[in-house]
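Residue numbers (this note's numbering): 862 to 1164.
Note that the Cβ used here is the ideal one computed from N, Cα and C, for glycine as well.
And the structure:
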């Protein structure tokens, strides 16, 4: 438990998901009053109810962070004039070759991961600046912000933008006593990464773990622990930092992830290969390659 969070108010976006809910639960266990926000209002409420059942203080609110009006309503009506912690965790990721990715898909990544992060952090910073007590903002940027991520160019570019935005914000808000840092999780075991890690009969996870110095993929609680530290008084002299939470995965580089593009397959299938495809053959299926011009791009949270 981090007693320095007792009595503080925290907002966590994307809180219906595995990582966001773990962060919210950890902050609540540390004594914070937590507002869990997500586009999935029912999911956020389930997570908030679980926190309350465990003795924590939590409320849920529906918010699409790409909508300026919804963000303003969240901070104006739900959060109010007290805010000590903001965790901009919500994000969007979808695999796709640049060769066939349309502008709408690119824009969706920018809207959620960059513009949405800006809107949330701006609202949080305004609230913190108004009450004059300082605060802490943490942005979930992913290891994709600091290294190339095959077939996730839009995701990586938008996350890299969020990482640099955090550094600029840390510089600007420091004199107001507001600290801003980013976390960069590697592959974390969540519902979204499950299909990837389970590919090839579990071989994908085995290969990744073998290539990770600490010998395993991450758990949402690993991320929550790091966030709890960053928002606590123990990190009072840390701002503008990007914290890797990846077990050392980026030290060795990730295996290449490729997606099965067979239209007859109802669910995307993933595998690991060691060599890039030939030009124009951007996706490798289980046992065959397909043209990039016909490939689909299933959603994923791979970093």
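* To do: Quick one: residues in its chain with C-beta nearer than 8 Å to the C-beta of residue 1051, no 5 flanking neighbours on either side, listed in chain order?
  => 878, 879, 880, 1081, 1162
* Reduced DSSP secondary structure (H/G/I, E/B, other) of residue 1022 -> helix
* **Range covered by the beta strand (DSSP E) that runs through residue 947** => Bounds of the beta strand (DSSP E) holding residue 947 are 946-949.
* Apart from the five residues on each side of it in sequence, which residues of its chain come closer than 6 Å, Cβ to Cβ, to residue 1017? -> 1005, 1010
* Residues bridged to residue 998 (per DSSP) -> 947, 1041
* To do: Mind the definition here: the stretch 1027-1042 touches the stretch 988-998 only if three or more C-beta pairs lie below 8 Å; say whether that holds.
  => yes
* Proximity winner among 866, 872, 870, 884, relative to residue 1046 (alpha-carbon distances) -> In this structure, 884 is the residue among 866, 872, 870, 884 with its C-alpha nearest to the C-alpha of residue 1046.
* residue 973 in three-state terms, based on DSSP -> helix
* To do: Can you tell me which of the three DSSP states residue 1112 falls into?
  => helix
* To do: Work out the CA separation of residue 1107 and residue 979 for me, nearest whole Å.
  => 25 Å
* Pull up the DSSP beta-bridge partners for residue 1104, would you. => 1044
* Three-state secondary structure (DSSP) at residue 923? -> strand
* Quick one: what does DSSP say residue 933 is sitting in, helix, strand or coil? -> helix
* May I ask you to report which of helix, strand or coil DSSP gives residue 955? => strand
* **Counterpart residues of residue 871 in DSSP-defined beta bridges** => 895, 946
* How long is the line joining the alpha carbons of residue 1143 and residue 936, rounded to whole angstroms? -> Because the pLDDT of residue 1143 is 40, which lies under 50, any placement of that residue in the model is unreliable, and the question is left without a value.
* To do: With distances taken Cα to Cα, identify the nearest neighbour of residue 1066 among 1048, 1087, 1074.
  => If we check each option's Cα against that of residue 1066, 1048 comes out closest.
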